[in-house]
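All remarks here apply to the structure that follows.
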Amino acid sequence: MSASALGRSDADTGGTASAPARLEIAGGGGLLAGAQSQSASTDDISGFAAAACVEPTGSSWLVGGATTTGRTTLLTLANPTAVDATVALELYGEKGPVTAPGLSGITVAAGSQRVLSLAGFAPDLASPVVHVTARGGRVVASLQQSTVRGLDPGGVDLIGAAADPARQLRIPGVRVLGADAVAQALGREDWSDAIPTIRVANPGRAAAKVQVSLQPESSDGTGTSFDLDVAAGHVREVGLDSGVDVDTGALAIPDGEYTVVVTSDQPVVAAARISTAGKAPAAGVDAAPASDFAWDAAAPVLRGPTLVSIAPGDDPRIAFAGATGGTVTLHGIGGAADIRITVPAGGQASAAVTAGASYDIEGADGMTASVGYAGAAALSGFTIAPARPVSGPLTIHP
């Protein structure tokens, strides 16, 4: 395997250790996987973000981010191929499709990265969804969102591509941590987007009737489901607790691991946003708790041999979910122990994995999977994607 930095970047990191990295196997054969993670702690950005290395493609759906006050979302386009790419963007929001100058004809030169502010196309958009298409060269597209509430940094995340539009989607490995602290902080100004939510976009021409089901991994957990109507070309974002009776005073969605299942009569795309918060400040101290958030995208269905790498981070876990059950075996590489996971039909199972290790996945055909991290004011994760029929260079976003 060889690694090289992309030579040019709008972020002035081209050719440096901070540039996106291109990973390749000589001759193009075999499986290749990579992942990276970062922790930030500055006056205006804090939190933890992790992302998987992915293959460049001609079409990506990005579900997440916002351009409202205090929310900054950047679109990154990396072209690790030897051919210039011409990129077009389709942008959807809570009021329907967005039209703006500059959404098409975006040139991403071979071996370069472009970084674009989503607010430059659509300011004050609460629920953006971006469809990225590329001609010529292929690209790796992602979003980077950071949140600032007043003067307090509220988290950061890297948002990778979600599964393509489909009538049934699964978001495995949704990890809720610090739900009690988040619930206490919701009364503070500008904390309304800390509640667990589901974002669903309908890019088609007919209205979609959607059912969202929240399924706990634990057998003694309580799930819920509710219905949504999503107009053609629109995005809906609602609380994941929409189907929960909260009159009892208990937490609507307590700490634990969940799968979100989205079923629709029209093809849709989806992702869930989860937040976490640290301990509240001492009594009499008017300061916000440290917090972070993560966007968990709908995962693609796994087919054939699959390899995953685990980036460093707090409490990494891998989760599998699918309509049919089975036994999944993770063959550890480089000294990591093998792991066997029994996945119930229609449910989810997860296991702790070793940071810095890689695993060859066996027995997961037809399932979806993700890797998640959760710690004190640190939350992130990424989906696991199957290898494409013809593999090419992979790009790790800095």
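Each residue of the sequence shown is one higher than the last, beginning at 1 in UniProt numbering.
From the three backbone atoms N, C-alpha and C, an ideal C-beta is built for every residue, glycine too.
Please read all numbers here as calculations on a predicted model, not as lab measurements.
Only counting the same chain, and skipping five residues up and downstream in sequence, which positions put a Cβ closer than 6 Å to that of residue i?
{"i": "Ala231", "result": "Ala207"}
{"i": "Pro153", "result": "Asp44, Ile45, Ser46"}
{"i": "residue 413", "result": "One cannot answer for residue 413 here, as it falls past the ends of the chain, which runs 1 to 398."}
{"i": "Trp191", "result": "Ala185"}
{"i": "Ser2", "result": "Glu24"}
{"i": "Val156", "result": "Ala40, Ile45, Gly47, Ala49, Ser146"}
{"i": "Ala352", "result": "Arg317"}
{"i": "Thr13", "result": "Ala19"}
{"i": "Gly7", "result": "Gly14, Gly15, Gly111"}
{"i": "Val54", "result": "Val140"}
{"i": "Asp360", "result": "Leu307, His331"}
{"i": "Pro216", "result": "Gly223, Gly256, Tyr258"}
{"i": "Ala336", "result": "Thr354, Ala357"}
{"i": "Ile195", "result": "Gly239"}
Among the options, which one has its Cα closest to the Cα of residue i?
{"i": "Ile149", "options": "Val308, Ala287, Asp360", "result": "Before going on, a small fix: residue 149 reads as Arg here, not Ile. Checked all of Val308, Ala287, Asp360; the closest Cα to Arg149 is Ala287."}
{"i": "Asp241", "options": "Gly223, Val235, Thr57", "result": "Gly223"}
{"i": "residue 429", "options": "Lys279, Ser37, Ser146", "result": "Absent from the model: residue 429. The displayed extent of the chain is 1 to 398, so no value can be given."}
{"i": "Ala51", "options": "Leu158, Leu77, Pro254", "result": "Leu158"}
{"i": "Trp61", "options": "Ala201, Thr13, Thr69, Ser146", "result": "Ala201"}
{"i": "Gly58", "options": "Ala66, Thr42, Ala88", "result": "Ala88"}
{"i": "Ser218", "options": "Arg135, Arg236, Gly256", "result": "Gly256"}
{"i": "Ala134", "options": "Leu103, Ala277, Ile253, Arg340", "result": "Leu103"}
{"i": "Val108", "options": "Gly136, Asp124, Pro123", "result": "Gly136"}
{"i": "Gly120", "options": "Val139, Ala66, Val140, Thr86", "result": "Ala66"}
{"i": "Leu307", "options": "Ser291, Ile384, Thr342", "result": "Ile384"}
{"i": "Glu189", "options": "Gly105, Pro289, Ala311", "result": "Pro289"}
{"i": "Leu77", "options": "Val328, Val139, Ala183, Ile341", "result": "Val139"}
{"i": "Pro312", "options": "Ile198, Gln348, Ala355, Leu330", "result": "Ala355"}
{"i": "Val269", "options": "Phe293, Leu214, Arg199", "result": "Arg199"}
{"i": "Phe382", "options": "Pro172, Ser264, His331, Pro56", "result": "Pro172"}
{"i": "Trp295", "options": "Val63, Cys53, Glu55", "result": "Val63"}
{"i": "Gly363", "options": "Gly326, Ala194, Thr81", "result": "Gly326"}
{"i": "Thr197", "options": "Asp220, Val235, Gly221", "result": "Val235"}
{"i": "Ala69", "options": "Gly347, Leu151, Gly221, Gly239", "result": "In the sequence as presented, Ala is not what sits at residue 69; that position holds Thr. Here the closest residue by C-alpha is Leu151."}
{"i": "Ile274", "options": "Leu214, Asp220, Gly221", "result": "Leu214"}
{"i": "Ala21", "options": "Ala349, Thr81, Ile195", "result": "Thr81"}
{"i": "Val132", "options": "Pro56, Asp193, Asp124", "result": "Pro56"}
For residue i, which residues of its own chain have a beta-carbon under 7 Å away from its beta-carbon, when the five flanking residues on both sides are left out?
{"i": "Thr16", "result": "Ala5"}
{"i": "Gly334", "result": "Ala357, Ser358"}
{"i": "Pro267", "result": "Pro165, Ala166, Arg167, Gly204"}
{"i": "Asp10", "result": "Gln113, Arg114, Val115"}
{"i": "Phe226", "result": "Val212, Ser242, Gly243"}
{"i": "Thr324", "result": "Ala345, Gly366"}
{"i": "Val238", "result": "Thr197, Ile198, Leu228"}
{"i": "Ala122", "result": "Thr67, Leu91, Gly93, Val98, Ala100, Pro128"}
{"i": "Ala179", "result": "Leu251, Ile253, Pro254, Asp255"}
{"i": "Leu31", "result": "Pro305, Leu307, Ala387"}
{"i": "Ser350", "result": "Gly173, Glu217, Glu257, Arg317, Ile318, Ala319"}
{"i": "Asp220", "result": "none"}
{"i": "Arg340", "result": "Thr327, Thr329"}
Only counting the same chain, and skipping five residues up and downstream in sequence, which positions put a Cβ closer than 8 Å to that of residue i?
{"i": "Pro97", "result": "Glu90, Leu91, Gly233"}
{"i": "Gly304", "result": "Asp365, Pro386, Ala387"}
{"i": "Ile106", "result": "Leu77, Thr86, Val87, Ala88, Leu89, Arg114, Leu116"}
{"i": "Gln348", "result": "Pro172, Gly173, Gln215, Glu217, Glu257, Tyr258, Thr259, Ala319, Phe320, Ala321"}
{"i": "Lys95", "result": "His234"}
{"i": "Ala181", "result": "Thr276, Ala277, Gly278, Lys279, Ala280, Pro289"}
Assuming residue i and residue j make a contact with CB atoms under 8 Å, what is their CB distance in whole Å?
{"i": "Thr84", "j": "Ala110", "result": "The sequence given here has Asp at residue 84, not Thr. About 5 Å; that satisfies the 8 Å criterion."}
{"i": "Ser112", "j": "Asn79", "result": "6 Å"}
{"i": "Val244", "j": "Leu228", "result": "Contact doesn't hold; Cβ gap of about 15 Å is too wide."}
{"i": "Val262", "j": "Leu143", "result": "Actually they do not touch by this definition, with Cβ atoms about 20 Å apart."}
{"i": "Ala272", "j": "Val174", "result": "5 Å"}
{"i": "Pro254", "j": "Val343", "result": "Their Cβ separation, rounded to whole angstroms, is 22 Å, which puts Pro254 and Val343 out of contact at 8 Å."}
{"i": "Gly278", "j": "Ala376", "result": "5 Å"}
{"i": "Leu379", "j": "Thr276", "result": "5 Å"}
{"i": "Asp338", "j": "Thr329", "result": "7 Å"}
{"i": "Val210", "j": "Ser291", "result": "Not confirmed; about 29 Å, so no contact."}
Is it a yes or a no for the stretch 298 to 309 touching the stretch 157 to 171, going by three-plus beta-carbon pairs under 8 Å? Judged by Cβ distances under 8 Å, the stretch 298 to 309 makes contact with the stretch 157 to 171, as three or more pairs qualify.
Complete beta strand (DSSP E) runs within the stretch 178 to 240 (minimum length 3 residues, chain order): With a minimum length of 3 residues, the continuous beta strand (DSSP E) runs that stay inside the stretch 178 to 240 are 197 to 201, 208 to 216, 224 to 230, 235 to 239.
What are the complete beta strand (DSSP E) segments, minimum 3 residues, inside the stretch 6 to 58? Complete beta strand (DSSP E) runs here, min 3: 21 to 24, 35 to 41, 46 to 52.
Is there contact here, the stretch 319 to 327 with the stretch 368 to 384, by at least three beta-carbon pairs under 8 Å? The answer is yes - the stretch 368 to 384 touches the stretch 319 to 327, with three or more Cβ pairs under 8 Å.
Evaluate the contact criterion for the stretch 67 to 75 versus the stretch 120 to 132: three or more CB pairs, one atom per stretch, below 8 Å. Taking a contact to require three or more Cβ pairs closer than 8 Å, the stretch 67 to 75 and the stretch 120 to 132 qualify as touching.
Start-end ranges of the beta strand (DSSP E) lying completely within the stretch 320 to 393, minimum 3 residues: Qualifying beta strand (DSSP E) stretches, in chain order: 326 to 333, 339 to 343, 348 to 352, 358 to 362, 368 to 375, 378 to 383.
Runs of beta strand (DSSP E) wholly within the stretch 252 to 309 (minimum 3 residues, chain order): Taken in chain order, the whole beta strand (DSSP E) runs of length 3 or more contained in the stretch 252 to 309 are 256 to 277, 291 to 297, 306 to 309.
Just to confirm the assignment: which complete beta strand (DSSP E) runs, minimum length 3, are found wholly within the stretch 122 to 163? For the stretch 122 to 163, whole beta strand (DSSP E) runs of length 3 or above, ordered along the chain, are 129 to 136, 140 to 149, 152 to 159.
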